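Down below is the structure, laid out as structure tokens.
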């Protein structure tokens, strides 16, 4: 039997112990703790992890003695790399399968109905993620099914690579979402650990992967170019042509310095000062200057809004707007925009026959 280095043994035992400990704690805390006290579950999980690390050292020492005395004697099961990799595969499969069934049975990616009616911008990254994926139950079932099928295939040697190619994209997507959308650090760590463990299993097939992806001749015929410059230019064009076309495209954000959400700090309507903090329906409280020259005026509530398009002349400061919603409102805005600083604007002009002066503060940009 081929001798293994201590690093190979330690890594296999470490990942196996870590995976069993993590799966035991997660599944046990949620599903088994009503039957078995959580401290008992945690103690078992920690004991298994420590035992796996200790056995890696014992395994290495015993193997050195055995190779020096009776090298042809078969090693016990726990002194075989496949044994620990098998434990790792089973623990990952059990955990991911549990995640999959939790999605299908609506124990994951479910958002409170009351939260779904909140403003989009008020939701956290985690709430946005759960609301987005949970919006489509067929999508949830698809993700859960991939986790279950991949977990089952992971338990068979012949389908292990297929399982890894199924599970790794799913886990990579989860890890990136957890990180970039600011999910709880525990969720980020948990998903990252499983992803690294799957990468470890994939790297055990390193030589097969190199042979398949880089050395095996393809059955597809290849185009032959006498001029290598032409061949390289064609390949480079798939990157450069889209970039050149986008560079020529007019950016819809024509006034990036203005784009943002503004809170009205002072409002004068026909020389009468109105307080934005009052509950009057007619009091303007928020102004949005958006991409594509969209303009929205909000009057104390999201249900009371004017939607339109604005035109702005930077050299004169003149700003005009026309409205397309509500369809019955056709009163144009004609005003002059002055800037106090990067975040303070004053809009002075008329909305129809009404004279207005709006002082506003930028609370959020792009």
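In this note's numbering, the protein residues as written are 1 to 366.
Here a beta-carbon is modelled for each residue, glycine too, at the ideal position from N, C-alpha and C.
Since the model is a prediction, treat every value here as computed from it, not as a measurement.
Euclidean distance between Cα positions of residue i and residue j
i: residue 193; j: residue 202; result: 14 Å
i: residue 124; j: residue 266; result: 30 Å
i: residue 9; j: residue 65; result: 16 Å
i: residue 234; j: residue 197; result: 39 Å
i: residue 18; j: residue 134; result: 30 Å
i: residue 138; j: residue 172; result: 21 Å
i: residue 330; j: residue 237; result: 48 Å
i: residue 325; j: residue 298; result: 12 Å
i: residue 348; j: residue 305; result: 20 Å
i: residue 45; j: residue 307; result: 58 Å
i: residue 41; j: residue 293; result: 59 Å
i: residue 108; j: residue 143; result: 11 Å
i: residue 154; j: residue 113; result: 37 Å
i: residue 341; j: residue 256; result: 14 Å
i: residue 101; j: residue 79; result: 34 Å
i: residue 177; j: residue 129; result: 8 Å
i: residue 344; j: residue 34; result: 57 Å
i: residue 141; j: residue 105; result: 9 Å
i: residue 300; j: residue 246; result: 39 Å
i: residue 7; j: residue 77; result: 19 Å
i: residue 156; j: residue 94; result: 14 Å
i: residue 116; j: residue 50; result: 44 Å
i: residue 126; j: residue 111; result: 10 Å
i: residue 75; j: residue 12; result: 17 Å
i: residue 323; j: residue 353; result: 15 Å
Cβ neighbours of residue i in the same chain (closer than 6 Å, five flanking residues each side left out)
i: residue 333; result: 321 and 351
i: residue 20; result: 48 and 91
i: residue 16; result: 52, 84, 87 and 88
i: residue 99; result: 147
i: residue 355; result: 270
i: residue 268; result: 357
Member of the options whose CA lies at the smallest distance from the CA of residue i
i: residue 319; options: 327, 54 and 295; result: 295
i: residue 103; options: 146, 92, 342 and 176; result: 146
i: residue 14; options: 56, 337 and 43; result: 56
i: residue 302; options: 75, 99 and 119; result: 119
i: residue 365; options: 93, 263, 270 and 284; result: 263
i: residue 338; options: 212, 258 and 136; result: 258
i: residue 290; options: 244, 169, 274 and 312; result: 312
i: residue 335; options: 28, 314 and 328; result: 314
i: residue 187; options: 32, 362, 26 and 12; result: 26
i: residue 189; options: 216, 149, 22 and 7; result: 22
i: residue 317; options: 323, 328 and 346; result: 346
Residues near residue i in its chain [Cβ-Cβ closer than 7 Å; skip 5 each side]
i: residue 231; result: 225
i: residue 195; result: 171, 172 and 175
i: residue 361; result: 262, 263, 265, 343 and 344
i: residue 254; result: 293
Exposure of residue i, with buried meaning 16 or more beta-carbon neighbours within 10 Å
i: residue 358; result: buried
i: residue 261; result: buried
i: residue 180; result: exposed
i: residue 151; result: buried
i: residue 184; result: exposed
i: residue 207; result: exposed
i: residue 240; result: exposed
i: residue 273; result: exposed
i: residue 96; result: buried
i: residue 310; result: buried
i: residue 216; result: exposed
i: residue 392; result: Because the chain is modelled from 1 through 366, residue 392 falls outside the range shown and cannot be assessed.
i: residue 219; result: exposed
i: residue 210; result: exposed
DSSP state of residue i mapped onto helix, strand, coil
i: residue 115; result: helix
i: residue 346; result: strand
i: residue 95; result: helix
i: residue 251; result: coil
i: residue 313; result: coil
i: residue 211; result: helix
i: residue 366; result: coil
i: residue 325; result: strand
i: residue 367; result: The displayed coordinates of the chain run from 1 to 366. Any statement about residue 367 would go beyond what the structure contains.
i: residue 49; result: helix
i: residue 257; result: coil
i: residue 58; result: helix
i: residue 228; result: helix
i: residue 235; result: helix
i: residue 354; result: strand
i: residue 319; result: strand
i: residue 144; result: helix
Contacts around residue i, its chain only, beta-carbon distance under 8 Å, and the 5 residues preceding and following it disregarded
i: residue 4; result: 63 and 81
i: residue 159; result: 153
i: residue 38; result: 28 and 29
i: residue 363; result: 260, 261, 262 and 263
Proximity test, Cβ basis, 9 Å: residue i and chain D
i: residue 115; result: Among the chains in the structure shown there is no chain D, since it carries only a single protein chain.
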